[in-house]
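In terms of my numbering, the sequence shown opens at residue 2 and continues consecutively. Yeah, the Cβ is synthetic: ideal placement off N, Cα and C, and Gly gets one too. Below is one structure; the comments refer to it alone.
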Amino acid sequence: VLFFISNPDVFKSPHSETYIIFGEAKIEDLSSQLQTQAAQQFRMPDMGSVMGRTDTSAASAAQADEEEEEIDETGVEPRDIDLVMTQAGVSRNKAVKALKTHNGDIVGAIMELTT
């Protein structure tokens with residue numbers, strides 16, 4: 002733990018080696034900063050920048066058609082769909098398809114969509 006004063010007013014006693022410091026003392030916890038930095042290093046990288054992008058019009062048209070069609074979500078929990086969408090960064094339809102393929106297994110669905 003580190004205490005610091007960002008804009009101190011410092012006065013020295015004329016008769017001794019005593020200093021008087023006025024200002025707002027703040028606490029800086031170095032261990033929490035290190036934990037935050039370590040957590041940021043292990044964040045999931047943006048999958049769009051990691052994976053190569055294909056710019057063919059046929060692939061984008063097929064993907065647009067795939068995302069537009071309605072998928073039956075029965076047997077799949079809405080919170081599971083949201084979790085897979087968030088973790089894998091995919092559309093709702095892709096998340097539902099992956100969950101149905103893996104019989105509701107969230108981890109399997111995320112692994113399929115991110116590899």
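What do you get for K27, buried or exposed, if any count of 16 or more other CB atoms within 10 angstroms of its CB means buried? Position 26 of the sequence shown, counted from the start, is the residue given in the question as residue 27. Per the 10 Å Cβ criterion, exposed.
Going by C-alpha to C-alpha distance, which of E74, V108 and I72 sits closest to T87? Walking along the sequence shown from the start, residue 87 turns up at place 86. When each option's Cα is compared against that of T87, the closest is V108.
List the endpoints of the continuous alpha helix (DSSP H) containing E29. Within the sequence shown, the letter at position 28 stands for residue 29. Element bounds for E29: not the alpha helix (DSSP H) but the beta strand (DSSP E), A26 to E29.
If distances are taken between C-alpha atoms only, which option among N104, T75 and A96 comes closest to L114? For this step, residue 114 is matched to residue 113 along the sequence shown. Out of N104, T75 and A96, A96 has the C-alpha closest to the C-alpha of L114.
Out of A99, L35 and N104, which one is the CA nearest neighbour of A110? Position 109 of the sequence shown holds residue 110. Comparing Cα positions, the closest option is A99.
Could you name the residues of the same chain whose beta carbon sits closer than 7 Å to that of V91, not counting the 5 residues immediately before and after it, in chain order? Position 90 of the sequence shown, counted from the first residue, corresponds to residue 91. Excluding residues within five positions, the ones whose Cβ falls inside 7 Å are L114.
For D106, which three-state DSSP category applies? Translated into positions along the sequence shown, residue 106 becomes position 105. DSSP places D106 in coil when its eight states are reduced to three.
Are the Cβ atoms of I6 and E25 separated by less than 8 Å? One-based indexing of the sequence shown puts residue 6 at position 5. One-based indexing of the sequence shown puts residue 25 at position 24. Cβ atoms of I6 and E25: closer than 8 Å.
By DSSP's criteria, M100 is part of a beta bridge. Which residues make up the other side? The residue given as residue 100 occupies position 99 in the sequence shown. One detail in the question is off: residue 100 reads as Leu in this sequence, not Met. In the DSSP output, where bridge partners are listed per residue, L100 has none listed.
Could you name the residues of the same chain whose beta carbon sits closer than 6 Å to that of K13, not counting the 5 residues immediately before and after it, in chain order? To locate residue 13, count along the sequence shown from 1; it is residue 12. Excluding sequence neighbours, K13 sits near Y20.
Using the Cα positions of I72 and T102, report the straight-line distance between them to the nearest angstrom. As a position in the sequence shown, residue 72 is number 71, starting the count at 1. As a position in the sequence shown, residue 102 is number 101, starting the count at 1. So the two alpha carbons sit approximately 13 Å from each other.
Here's a check: name, in chain order, each residue in its chain whose Cβ is nearer than 7 Å to the Cβ of V11, leaving out the five neighbours to either side. Residue 11 sits at position 10 when you count from the first residue of the sequence shown. Counting only Cβ-Cβ distances below 7 Å, and skipping sequence neighbours, we find Y20 and I22.
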